[in-house]
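Protein chains in written order, with our numbering: chain L, 6 to 573; chain W, 6 to 573.
Idealized CB from N, CA, C, for every residue including glycine.
Predicted model, so just to flag it, every value in this text is computed and none were measured.
2 protein chains.
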Amino acid sequence: MKILRINMKNLTVSEDKTMAYKGLGGRGLTSKIVHDEVPPSCHPLGSFNKLIFANGYLTGSGASSSDRYSIGAKSPLTGGIKESNAGGESGLFMGKLGIRALVFEDVRDDFKIVYISKDGVTFDDATPILGKELSEAVDILRNTYGKHIAVFLIGITGEKKMNIAAIAGQDKEKEPTRFNGRGGLGAVAGSKGIKAIVLDAEGVERNKPKDKEQFKTALKTYHKWLMETPGTAKIFPELGTAGLVKTTNALGALPTRNFSTGSFELADNISGEKLRETILERGGEGTPTHACMPGCIIRCSNVYANKAGKRVTSPVEYENIGLLGSNLGIGDLDDIAEINRLINEYGADTIETGATLGVLMSQNILSFGDAESVLNAVKEIKEGSPLGRIIGGGAELAGKLYGAYRVPTVKGQSFPAYDPRGVKSLGVTFATSPMGADHTAGQTIRAQVDHHSPEGQVKTSKLAQQVNTLFDALGMCYFSAGAVQGRFELLADLITAYTGEKMTDTKLKNIASETLRIEHDFNRKAGFTKAHDRLPEYLYYEMNEASKTVFDVPQEEVESIGVESNDR
Amino acid sequence: MKILRINMKNLTVSEDKTMAYKGLGGRGLTSKIVHDEVPPSCHPLGSFNKLIFANGYLTGSGASSSDRYSIGAKSPLTGGIKESNAGGESGLFMGKLGIRALVFEDVRDDFKIVYISKDGVTFDDATPILGKELSEAVDILRNTYGKHIAVFLIGITGEKKMNIAAIAGQDKEKEPTRFNGRGGLGAVAGSKGIKAIVLDAEGVERNKPKDKEQFKTALKTYHKWLMETPGTAKIFPELGTAGLVKTTNALGALPTRNFSTGSFELADNISGEKLRETILERGGEGTPTHACMPGCIIRCSNVYANKAGKRVTSPVEYENIGLLGSNLGIGDLDDIAEINRLINEYGADTIETGATLGVLMSQNILSFGDAESVLNAVKEIKEGSPLGRIIGGGAELAGKLYGAYRVPTVKGQSFPAYDPRGVKSLGVTFATSPMGADHTAGQTIRAQVDHHSPEGQVKTSKLAQQVNTLFDALGMCYFSAGAVQGRFELLADLITAYTGEKMTDTKLKNIASETLRIEHDFNRKAGFTKAHDRLPEYLYYEMNEASKTVFDVPQEEVESIGVESNDR
């Protein structure tokens with residue numbers, strides 16, 4: 006598995022033959038390269054930033070949930086280090102081509118399609134797909150390059166270098182619906198003139214496990230564990246992540262009307278149960294369970310169809326429902342799906358966009374509950390009108406432009422769909438993760454802890470941050486963590502058998518710790534201090550009426566996270 | 006001289022009877038209160054921030070250039086400590102009422118007029134002046150409260166809590182033309198519901214020197230020195246600050262087209278000489294020399310009149326010409342004066358607004374040189390349209406919204422009218438001042454140094470930062486520094502004689518050092534590190550074609566500033 010360096014200014018390609026990054030994958034690899042090669046104080050959209058795509062150890066192995074890939078860079082949204090990962094099959098296609106990582110360097114003004122096949126890398130003019138919605142752009146790419154490709158691409162938001170810009174990959178049905186959403190990585194791609202990466206795996210040989218028998222045995226156990234665990238065997242396949250709506254609504258943690266409170270009077274209309282019921286009732290192209298990557302047992306994704314049974318978008322997830330539904334006072338799944346679809350088509354982060362719309366609603370620029378005006382506002386993103394640019398800048402900037410006091414962000418990045426007063430350990434994750442507010446950086450909603458108490462939350466978050474980092478570094482979906490938690494030896498065995506290089510439980514944990522350490526270290530050099538490890542002020546003083554709590558985890562305890570991992 | 010605390014939520018007033026702030030004035034006092042009382046991580050527009058007005062030791066004494074006042078708070082623009090000072094006579098009126106400082110606390114949603122007279126403080130509804138341009142609002146205030154008042158007030162930008170919002174005071178002709186421009190202090194006033202402060206000095210007794218004879222003697226010397234110094238005796242009265250246009254244009258430091266280069270082909274049309282000539286030619290209400298505060302010998306201000314001799318605005322200064330003229334590609338004084346007037350009427354910072362317009366021009370949202378479209382864009386500030394909000398947010402946010410690479414800001418605050426590649430010691434000031442980019446925090450343009458060399462710039466800036474802080478803490482105009490530099494004993498003598506409390510040269514210098522130290526300390530606690538003590542990346546790599554230089558003062562040397570004043 007090789008690392009390719011692609012200079013976008015000169016359009017030159019070289020293989021990294023050093024051993025500097027040997028034994029690393031996913032977030033472990035992207036963060037290491039960012040840490041070692043990107044000057045922490047550089048402009049995120051300038052020539053010193055790098056954009057790295059890296060898949061994991063087991064990509065293409067057939068192990069469930071193991072084809073995720075990480076994208077890393079210095080983030081234009083947070084100003085700190087960023088890793089964002091996604092599923093689908095584009096990361097897998099990198100693997101098919103024998104590529105562990107792509108490292109994009111320097112910047113350019115025009116846009117290219119980077120075409121990668123077994124014969125090497127070429128650069129094509131991207132003009133035919135500029136300004137298009139993602140699904141149309143992908144159709145054009147498929148017509149041009151054939152059916153056996155996988156793509157990464159940015160949308161209009163990335164072309165415009167907006168902070169909400171994501172990078173899209175494709176799911177196993179070849180739809181561009183899997184997003185490395187957070188941190189404005191699409192803007193970094195835009196600054197480098199990368200409109201799309203086309204991975205053509207035609208004629209490449211299938212990767213095989215180094216130790217076939219050992220791998221088969223370990224794989225069987227792993228899949229068995231997944232099937233034995235209620236979350237991965239039943240809840241995720243049935244309700245997807247949307248199953249959380251009822252949970253968080255009951256906890257008072259479902260973001261409602263710009264994170265002003267934590268339960269929504271129309272929650273039943275947008276719950277996972279209602280979503281499943283609606284999809285099943287309508288039939289047609291909709292499906293309540295769907296695997297984003299080949300061979301995934303968990304199948305948390307879905308395809309949402311309209312009343313006529315025609316596909317609207319995929320997937321409608323918990324975060325979308327929270328940010329584009331309750332957070333905007335919108336209680337209708339069709340409205341949410343349509344807003345979701347449009348944001349996807351523009352290649353934007355639904356979380357950041359939803360939070361921004363919530364802030365604008367709190368300032369009476371839009372009205373809570375008015376889906377029509379939300380759709381019109383979102384369309385302005387494509388126009389690049391001043392309002393579109395404001396939405397494209399993300400919640401933190403919108404809050405500053407309007408002099409808002411209640412802005413749900415940490416380190417410039419908006420909260421995913423959890424009010425930290427109702428799930429305090431997630432508040433700790435938001436406050437302390439090197440990524441800014443991010444549930445996938447340390448997800449604790451399913452932790453056995455009193456979510457309203459200030460006690461035990463730092464410990465809970467810390468453990469979750471370690472585990473999430475581990476799965477990100479593996480290139481695996483953390484939804485499988487429930488099945489393997491506490492018995493990571495199995496994953497080590499899988500990796501050893503598949504790659505032929507000895508992996509151990511301890512080594513995996515060390516990779517996670519070291520990854521977090523260098524991420525904090527990069528941020529410290531980029532200018533972050535403990536002063537940035539805190540939530541917005543209002544959460545400490547204004548009660549969430551649903552949870553009847555403020556955020557009261559002692560700040561001193563919160564700040565203890567990350568301290569041992571660098572010398573701040 | 007007393008310190009009044011005014012709680013804007015409860016509308017209560019109390020006198021600070023502690024001795025905590027004894028012996029301090031101006032910036033020395035505002036920064037001390039912000040440092041000691043404002044939590045560094047608080048939201049700048051929330052209830053924990055405080056807004057402090059403080060005049061200096063010699064206010065009302067009749068000493069030239071000594072009625073300046075400082076306003077301090079945590080800045081919504083920079084997120085750090087902020088002090089911004091201005092001349093005119095509003096600070097003097099505070100002194101007439103026996104007030105050294107006003108400390109505004111907490112926040113409110115509606116707007117009040119804070120009326121202060123010898124009988125105390127009352128709060129009136131501000132509705133009659135909301136949304137008005139400054140000059141109309143002041144007319145209404147004068148009709149309501151009589152002719153013998155001085156005012157502070159915010160404009161529409163402050164009401165809207167925009168980052169470009171300034172606080173205005175009046176000049177000696179009672180026009181609201183003196184601005185505490187930088188750092189968005191008008192937004193802090195807006196968050197506290199302070200639309201205007203009316204200072205009614207009717208019936209108050211004149212302050213007298215404690216030692217009349219000693220004061221008279223010292224004052225005579227001080228004024229003699231001012232008259233003997235070419236800058237203060239001749240250049241400033243003749244050309245005002247605009248005399249700098251030719252200097253900086255020749256140095257390649259006159260910001261031109263969004264700080265892309267440092268000399269402007271139309272510089273002769275907007276020079277101080279041309280300004281003087283134009284004003285003299287037109288006659289009428291214009292005047293090329295004007296004292297903003299009573300008794301000022303330097304008289305650097307002016308009144309600009311149109312072709313019919315009618316007053317347009319006052320003053321047209323170097324910074325306005327640089328930011329609203331050459332930086333926007335505009336080479337016509339009438340255009341500059343009209344843009345300047347409008348920004349003033351909205352109570353905004355001309356520097357921040359001009360820099361923001363420059364960034365928008367670099368992104369082709371407006372066109373360089375097109376004064377008409379600039380005027381239309383500026384009018385959107387009043388409307389509060391999305392474009393108006395973007396302009397109101399300042400250059401840093403506009404740059405982020407448009408994915409711009411060349412954004413002339415440090416710590417979120419835009420450069421005044423000097424390209425740091427052409428005046429490198431000012432670049433050092435911009436990079437290291439606790440205030441963000443600010444020429445008045447350490448003005449070096451007149452320093453005897455090779456402005457294009459990387460050598461000696463840190464030393465030059467450091468000295469200037471000390472001297473500027475000293476004058477800010479005195480409540481004196483730093484334009485008198487040229488006359489007293491190196492012989493500060495005279496100022497100490499003036500203060501001792503006037504206040505009856507022993508002041509010494511050493512004590513003054515200590516106040517300046519200590520003020521800088523606590524400002525850096527506040528910023529450190531607010532999350533600033535050495536990583537923030539640098540200029541925008543492009544200035545290190547892209548040559549200013551006019552000066553033929555990049556900014557190349559060694560970063561290690563730059564970062565040495567502020568190190569001894571705190572334990573960063």
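- prompt: Is any beta-carbon of chain W found at less than 8 angstroms from that of Glu524(L)?
  reply: No - not a single Cβ of chain W is within 8 angstroms of the one on Glu524(L).
message: What residue range does the beta strand (DSSP E) around Ile370(W) cover?
response: No beta strand (DSSP E) contains Ile370(W), which DSSP labels as neither H nor E.
- request: Below 7 angstroms between beta carbons is the criterion; list the residues of the region 411-436 of chain W that meet it against any residue of chain L, in chain order.
  value: Within the region 411-436 of chain W, no residue has a Cβ that lies closer than 7 angstroms to any Cβ of chain L.
Chain-ordered residues of the region 43-59 of chain W with a beta carbon less than 8 angstroms from chain L: Cβ contacts with chain L come from Pro45, Ser46, Cys47, His48, Leu50, Gly51, Phe53.
field: Continuous alpha helix (DSSP H) assignments of at least 4 residues falling wholly in the region 432-516 of chain L
entry: Entirely contained in the region 432-516 of chain L, the alpha helix (DSSP H) runs reaching 4 residues are, in chain order, 462-479, 486-489, 494-504.
- prompt: For His537(W), which option in Gly67(W), Ser71(W), Thr83(W) has the closest C-alpha, if you only look at C-alpha atoms?
  reply: It is Thr83(W) whose Cα lies nearest to the Cα of His537(W).
task: Determine which residues of the region 509-538 of chain W have a Cβ less than 7 angstroms from any Cβ of chain L, and write them out in chain order.
output: Those residues of the region 509-538 of chain W that come within reach of chain L (Cβ to Cβ, closer than 7 angstroms) are Lys530, Ala531, Gly532, Thr534, Ala536, His537.
task: Go ahead and pull the three-state DSSP assignment for Leu204(L).
output: Reduced to three states, the DSSP call for Leu204(L) is strand.
field: Where Lys55(L) sits in the DSSP three-state scheme
entry: Reduced to three states, the DSSP call for Lys55(L) is strand.
query: Under the DSSP definition of a beta bridge, which residues are partnered with Glu20(L)?
result: Answer is Leu9(L), bridged to Glu20(L).
message: For His40(W), report the span of its alpha helix (DSSP H) as first-last.
response: It spans 31-42 - the alpha helix (DSSP H) in which His40(W) sits, taken as one unbroken run.
Pair within 8 angstroms by beta-carbon distance, Ala497(W) and Thr509(W): Against a cut-off of 8 angstroms, the Cβ pair of Thr509(W) and Ala497(W) comes out as a contact.
- prompt: Which chain L residues sit within Cβ distance under 8 angstroms of Ile395(W)?
  reply: Within chain L, the residues near Ile395(W) are Pro391, Arg394, Ile395, Leu406.
- prompt: Are Ser276(L) and Val250(L) closer than 8 angstroms when you measure CB to CB?
  reply: In this structure, Ser276(L) lies near Val250(L), with their beta-carbon atoms less than 8 angstroms apart.
query: Hey, does Lys165(W) have any beta-carbon neighbour from chain L nearer than 8 angstroms?
result: Chain L, which has a Cβ nearer than 8 angstroms to the Cβ of Lys165(W), makes this yes.
- prompt: Which term fits Thr511(L), buried or exposed, when burial requires 16 or more other beta carbons within 10 angstroms of its beta carbon?
  reply: Flag for Thr511(L) reads exposed.
- prompt: Are there 16 or more other CB atoms within 10 angstroms of the CB of Leu135(W), so buried, or fewer, so exposed?
  reply: By the neighbour-count rule (16 or more Cβ atoms within 10 Å), Leu135(W) is not buried but exposed.
task: Going by CA-CA distance only, name the one from Asn60(W), Leu329(W), Asp375(W) that's closest to Phe476(W).
output: Minimum Cα-Cα distance from Phe476(W) among the listed residues Asn60(W), Leu329(W), Asp375(W) corresponds to Asn60(W).
field: Distance between Glu401(W) and Glu210(L) (C-alpha atoms, nearest Å)
entry: Roughly 50 angstroms between the two C-alpha positions.
Proximal residues of chain W, C-beta to C-beta of Gly398(L) below 8 angstroms: The answer, in chain order, is Leu402, Lys405, Leu406.
- prompt: Would you say Asn549(L) faces chain W, with C-beta separation under 8 angstroms as the test?
  reply: Interface annotation, Asn549(L): not in contact with chain W, CB-CB separation never under 8 angstroms.
- prompt: Which residues, taken in chain order from the region 177-197 of chain W, show a beta carbon closer than 8 angstroms to some beta carbon of chain L?
  reply: For the region 177-197 of chain W, which is checked against every Cβ of chain L, the residues closer than 8 angstroms are Ala192, Gly195, Ser196.
- request: Quick one: which residues of the region 336-354 of chain W get their C-beta closer than 7 angstroms to a C-beta of chain L? List them in chain order.
  value: Cβ contacts with chain L come from no residue of the region 336-354 of chain W.
message: Please report the straight-line C-alpha distance between Ile386(L) and Phe484(L), rounded to a whole angstrom.
response: Each residue's CA atom was taken as its position, placing Ile386(L) and Phe484(L) some 32 angstroms apart.
- request: Could you pull the start and end residues of the beta strand (DSSP E) that Arg187(L) belongs to?
  value: Looking at the DSSP string, Arg187(L) is not in any beta strand (DSSP E), and its letter there is neither H nor E.
Gly163(W), DSSP secondary structure in three states: In the structure shown, the three-state DSSP call for Gly163(W) is helix.
- prompt: In chain W, which residues lie less than 8 angstroms from Glu564(L) when you measure between Cβ atoms?
  reply: Simply none; closest approach about 11 angstroms.
message: So if I threshold CB-CB distances at 7 angstroms, which residues from the region 350-382 of chain W count as touching chain L?
response: Residues: none.
task: Just grab the DSSP bridge partners of Ser71(W) for me.
output: Within the DSSP bridge table, the entry for Ser71(W) names no partner.
message: Per DSSP, what are the beta-bridge partners of His295(L) in this structure?
response: Note: His295(L) sits in a beta bridge opposite Cys305(L), Ser306(L).
message: Suppose only complete runs of 4+ residues qualify. What are the alpha helix (DSSP H) ranges in the region 220-265 of chain W, listed by chain order?
response: Counting whole runs of 4 or more residues, the region 220-265 of chain W contains the alpha helix (DSSP H) stretches 241-244, 249-256.
- prompt: Buried or exposed: which applies to Gln418(L), given that a residue is buried once 16 or more other Cβ atoms fall within 10 Å of its Cβ?
  reply: Result: buried.
message: Buried or exposed for Ala313(W), going by 16 or more other Cβ atoms inside 10 Å?
response: The residue is exposed, with fewer than 16 neighbouring Cβ atoms inside 10 Å.
query: Excluding sequence positions up to five away, which residues of its chain have a Cβ less than 7 angstroms from the Cβ of His153(W)?
result: So the qualifying residues of the chain are Asp205, Ala206, Glu207.
- prompt: Looking at C-alpha atoms only, which residue of Gln175(L), Leu285(L), Leu329(L) is the closest neighbour of Ala296(L)?
  reply: Among Gln175(L), Leu285(L), Leu329(L), the Cα nearest to that of Ala296(L) belongs to Gln175(L).
Contact check, Thr35(L) vs Ile57(L), beta carbons under 8 angstroms: Contact flag set, yes.
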